[in-house]
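Take a look at the structure set out below.
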Amino acid sequence: MKNSLRLMKSLDLFLNSLCFEKYQEFKGYLKEEENHSINLLSFDFHVQNLSAILKKKSIQNDIQALEHIAKKEAWIKSIESILTKNPFEALILTDINRSILWVNDGFTKMTGYPRSYALQKAPQFLQGRKTSEETRKRIREKLQRNKPFKEVIINHRKDNTTYKCELHIFPLMNNNKTTHFLALEKQIA
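Mapping of the sequence shown onto our numbering: residues 947 to 1135, in sequence order.
Laid out in structure tokens, this is it:
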């Protein structure tokens, strides 16, 4: 009875935290039962943990991809510092002429546009009839200053629905000259 999986309510949390080798060590002590039902009492904890792990892995992948570009471009700013200190859903990297060179997976989730469609376009393709000309003008002016800034803009998804997008744009420099812009974007209410 003391080794019955069904009667151990928190064992799944412990077992899920083990690496494969450690799990194999414990497996011999556990008695499998004929009834193969899953104890869902703590499944929500597992889902929350999995979600956090996947988000962290996604950010690590974004950092790795951008660090590879940063090495070639010799940017002064730390990409890791930018991405770990600022919340985002989507990332857009443009050259100085604002042509998109790279987007992360979050870009497709947020906008509905595939990466292949966005590359070599200006981010303005996300703007539409509900995008304020005043906001567009402010963004252009702030880009000229070569300083990080935040702005909120109405963007349009591929399916033509609109969303409020908070932009946090960082100029990326080498030798005190801006060569690229990195936009961290997130949908806001």
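Each residue gets a CB set at the ideal place from its N, CA and C atoms; glycine is no exception.
Among the options, the one whose alpha carbon lies nearest that of residue i
i, options, result
"R1075", "Q994, Y1109, T1054 and K968", "Y1109"
"Q1010", "W1048, G1058, K1067 and N995", "W1048"
"S1004", "S963, F972, E967 and K1055", "K1055"
"N1106", "F1071, E1080 and L1118", "F1071"
"N995", "Q1006, Y1063, S963 and Y969", "S963"
Beta-carbon proximity check, residue i vs residue j, cutoff 8 Å
i, j, result
"G1052", "E1026", "no"
"I1085", "I1100", "no"
"I1046", "L1065", "yes"
"Q1073", "R1082", "yes"
"D1008", "L1037", "yes"
"F1116", "K1018", "no"
"H1126", "T1057", "no"
"K1132", "E1112", "yes"
"Y1059", "K1001", "no"
Residues of its chain near residue i, where Cβ-Cβ distance is below 7 Å and the 5 sequence neighbours each way are ignored
i, result
"A1020", "N1120"
Counted within 10 angstroms of its Cβ, other Cβ atoms place residue i as buried (16 or more) or exposed
i, result
"P1033", "exposed"
"H1014", "exposed"
"M947", "Because the pLDDT of M947 is 46, which lies under 50, any placement of that residue in the model is unreliable, and the question is left without a value."
"I999", "exposed"
"A1016", "buried"
"L1029", "buried"
"L1012", "buried"
"L1118", "buried"
"L1128", "buried"
"N1050", "buried"
Cβ shell of residue i (< 6 Å), same chain only, five flanking positions each side left out
i, result
"H1114", "N1032, K1096 and L1130"
"L1044", "Note that residue 1044 is Arg in the sequence shown, not Leu. Closer than 6 Å at the Cβ level, and outside the excluded window around R1044, lie A1068."
"K1088", "F1095"
Under the three-state DSSP convention, the category residue i falls into
i, result
"Y1059", "coil"
"P1069", "helix"
"N1120", "strand"
"N1106", "coil"
"Q1034", "The sequence shown places Phe at residue 1034, rather than the Gln named in the question. Coil at F1034, not helix or strand."
"L961", "helix"
"K1129", "Sequence check: residue 1129 is Ala here, not Lys. In the structure shown, A1129 sits in a strand (DSSP, three-state: E or B)."
"N1092", "coil"
"I1042", "coil"
"I1115", "strand"
"L996", "helix"
"I1022", "coil"
"N1050", "coil"
Residue i beta carbon near the ligand FAD (any heavy atom closer than 7 Å)
i, result
"K1104", "With respect to the ligand FAD, the structure offers nothing, as it holds no ligand at all."
Own chain residues within Cβ distance below 8 Å of residue i, not counting five before or after
i, result
"E967", "none"
"T1077", "I1099, I1100, N1101 and H1102"
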